[in-house]
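J.: Encoded as structure tokens, here's the structure I'll be asking about.
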């Protein structure tokens, strides 16, 4: 059976993603700070990292950050993720002083920004009956050729073994029997609660099962007489819980580089509001973390960030306005329905690398998380194959 076009496309992309030049400092940073400052103001700063300057000051970067914070009436909460020289500074209350003026005039501060809560919408999907015979995107018996042709890859024992994808979302219910055997606690973290367990916290506002569905679509265990089969059912899946609370630029940056020597692929099925009016994307720290990930992540081969094109087609939205979709550091995937046509919710843009299957129906809440998980699974299979071949 021939390889599917999407597989060939992504296989060709893989060498491009193996960037080995490392212009960033990759030594272990200080312990990660709490991901937010609570009710008070928070400021992100970038300090001079020149070794001669630090030697003249007689201090480490962390000590310099603490001194800058004290002079601005703030508290140093530590380095932001893997970004050397970037620190999170917090105020005790919203009324406390004018730290921005102090930071703007400080000779050791290259850049500063008061953090804002960002609006990010999950690319969710209604997946009501997950039994494998109904997973037409994996094997379509009704419309021949209208599937991702993954069964032929499985027959060659290419299932994502030895590779880890992390679902950056609202958490992963890793105790489910279809996820638990493939769950990677080493690659997981809860940035909303600042602990290692990304278990969702359902509440009256949301059941927060989006990340769990995404994890199952990627790596659900096969042949266990339960639920469905993941696209890369031999892979490991981790979870980073970050969408269940206020999201800031520094939190996003930490998420993009969290455990980036363990996690190979970052699956981000969310983005700016798909309302046809919003132009947004990663802010300075998020952009820096994406760049750092593709250079220094995955043991020097580069983290792979997969994002969805969006669900705002019915609002005449366009993914050219989505800074995650049009970033040079992400792989952007669009949708076609079971007939190979664009569904009503799909967005068009120049940055789409490929399309794959999602639902086109109007009776279900149809969106593009499923297709993103398909492609995440494909990329896992490609990496797994390359590791087997020693490339």
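Numbering (mature numbering (1 follows the signal peptide of the UniProt record, and there is no 0)), first residue to last: -20 to -1, 1 to 371. Even for Gly, the Cβ is constructed at its ideal location relative to N, Cα and C. Computed from a predicted structure; not experimentally measured.
(1) Taking CB distances under 8 Å as the criterion, tell me whether residue 282 reaches chain D.
(2) Give every residue of the same chain whose Cβ lies closer than 7 Å to the Cβ of residue 235, excluding the five residues on either side of it in the sequence, and list them in chain order.
(3) Contact defined as beta carbons within less than 8 Å: I believe residue 327 pairs with residue 266. What is the distance between those atoms, to the nearest angstrom?
(4) Return the CA-CA distance between residue 387 and residue 83, expressed in angstroms with no decimal places.
(5) Report back the beta-carbon spacing between residue 272 and residue 62 to the nearest angstrom; my notes put them in contact at under 8 Å.
(6) Between which two residues does the alpha helix (DSSP H) harbouring residue 192 extend?
(7) Please identify the residue among 292, 332, 321 and 67 whose C-alpha is closest to the C-alpha of residue 449.
(8) Just to confirm, is the Cβ distance from residue 286 to residue 245 under 8 Å?
(9) Taking a contact to mean a Cβ-Cβ separation below 8 Å, would you say residue 361 touches residue 142 in this structure?
(10) Terminal residues of the continuous alpha helix (DSSP H) containing residue 233?
(11) Where in the stretch 257 to 310 do unbroken runs of the alpha helix (DSSP H), each at least 4 residues long, occur, reported from the N-terminal end onward?
(12) When you compare the CB positions of residue 89 and residue 27, do they come within less than 8 Å of one another, or not?
(13) With a threshold of 7 Å (Cβ to nearest heavy atom), would residue 325 be considered close to the ligand ADP?
(14) Might you give, ordered along the chain, the residues of its own chain that have their beta carbon closer than 8 Å to the beta carbon of residue 270, omitting 5 neighbours on each side?
(15) Among residues of its own chain, excluding the 5 on either side of residue 126, which ones have a beta-carbon nearer than 8 Å to its beta-carbon?
(16) Excluding five sequence neighbours on each side, which residues of the same chain lie with their C-beta closer than 6 Å to the C-beta of residue 46?
(17) Exposed or buried, residue 36, counting other C-beta atoms within 10 Å across all chains shown (16 or more means buried)?
(18) Closer than 6 Å by C-beta to residue 216: which residues in its own chain qualify, once you throw out the five before and the five after it? Chain order, please.
(19) Going by DSSP in three states, residue 55 sits in which element: helix, strand or coil?
(20) Might you give, ordered along the chain, the residues of its own chain that have their beta carbon closer than 6 Å to the beta carbon of residue 66, omitting 5 neighbours on each side?
(21) In terms of residue numbering, what span does the beta strand (DSSP E) encompassing residue 93 cover?
T.: Per the coordinate set shown:
(1) Considering every chain present, this structure includes no chain D. It has just one protein chain.
(2) Counted from its first residue, the chain shown places residue 235 at position 255. For residue 235, where only same-chain residues beyond five positions count, the Cβ hits under 7 Å are 148, 171, 220 and 222.
(3) Locating residue 327 in the chain shown gives position 347, counting from the first residue. Locating residue 266 in the chain shown gives position 286, counting from the first residue. Cβ-Cβ separation between residue 327 and residue 266: approximately 20 Å, too far for a contact (criterion under 8 Å).
(4) Here the chain has residues from -20 to 371 only, and residue 387 is not among them.
(5) Here the question's residue 272 lines up with position 292 in the chain shown. Here the question's residue 62 lines up with position 82 in the chain shown. So it is a contact: roughly 6 Å between Cβ atoms.
(6) As a working note, residue 192 is residue 212 in the chain shown. 190 to 199 is the span of the alpha helix (DSSP H), which, as asked, contains residue 192.
(7) The structure shown has nothing for residue 449, since the chain only spans -20 to 371.
(8) Counted from its first residue, the chain shown places residue 286 at position 306. Counted from its first residue, the chain shown places residue 245 at position 265. In terms of Cβ geometry, residue 286 and residue 245 form a close pair [threshold 8 Å].
(9) Within the chain shown, the letter at position 381 stands for residue 361. Within the chain shown, the letter at position 162 stands for residue 142. Taking 8 Å as the Cβ cut-off, residue 361 and residue 142 do not qualify as a contacting pair.
(10) Working through the chain shown from its first residue, we reach residue 233 at position 253. Run containing residue 233: 229 to 237, per the alpha helix (DSSP H) assignment.
(11) Along the stretch 257 to 310, the alpha helix (DSSP H) occurs as fully enclosed runs of 4 or more residues at 264 to 276, listed in sequence order.
(12) Walking along the chain shown from the start, residue 89 turns up at place 109. Walking along the chain shown from the start, residue 27 turns up at place 47. Between residue 89 and residue 27, the C-beta gap is smaller than 8 Å, which places the two residues in contact.
(13) The ligand ADP is absent from the structure shown, which contains no ligands of any kind.
(14) Against the chain shown, residue 270 aligns to sequence position 290. Its chain contains 236, 262, 285, 307, 309 and 310 as the residues whose beta carbon lies nearer than 8 Å to that of residue 270, once the 5 sequence neighbours on both sides are disregarded; these appear in chain order.
(15) Locating residue 126 in the chain shown gives position 146, counting from the first residue. Close CB contacts of residue 126 within its chain, under the 8 Å cut and outside five residues either way in sequence, are with 116, 120, 318, 319, 320 and 337 (chain order).
(16) For this step, residue 46 is matched to residue 66 along the chain shown. The residues 56, in chain order, have a CB closer than 6 Å to that of residue 46 in the same chain once the five nearest residues on each side in sequence are set aside.
(17) Here residue 36 refers to the residue found at position 56 when the chain shown is read from its first residue. The residue is exposed, with fewer than 16 neighbouring Cβ atoms inside 10 Å.
(18) Numbered from its first residue, the chain shown carries residue 216 at position 236. Contacts found: 144, 162 and 164.
(19) Reading the chain shown from its first residue, position 75 is the one you call residue 55. Residue 55 falls in the strand class under three-state DSSP.
(20) Counting from one through the chain shown, the residue named residue 66 turns up at place 86. The residues 26 and 60, in chain order, have a CB closer than 6 Å to that of residue 66 in the same chain once the five nearest residues on each side in sequence are set aside.
(21) To locate residue 93, count along the chain shown from 1; it is residue 113. Unbroken beta strand (DSSP E) run through residue 93: 89 to 94.
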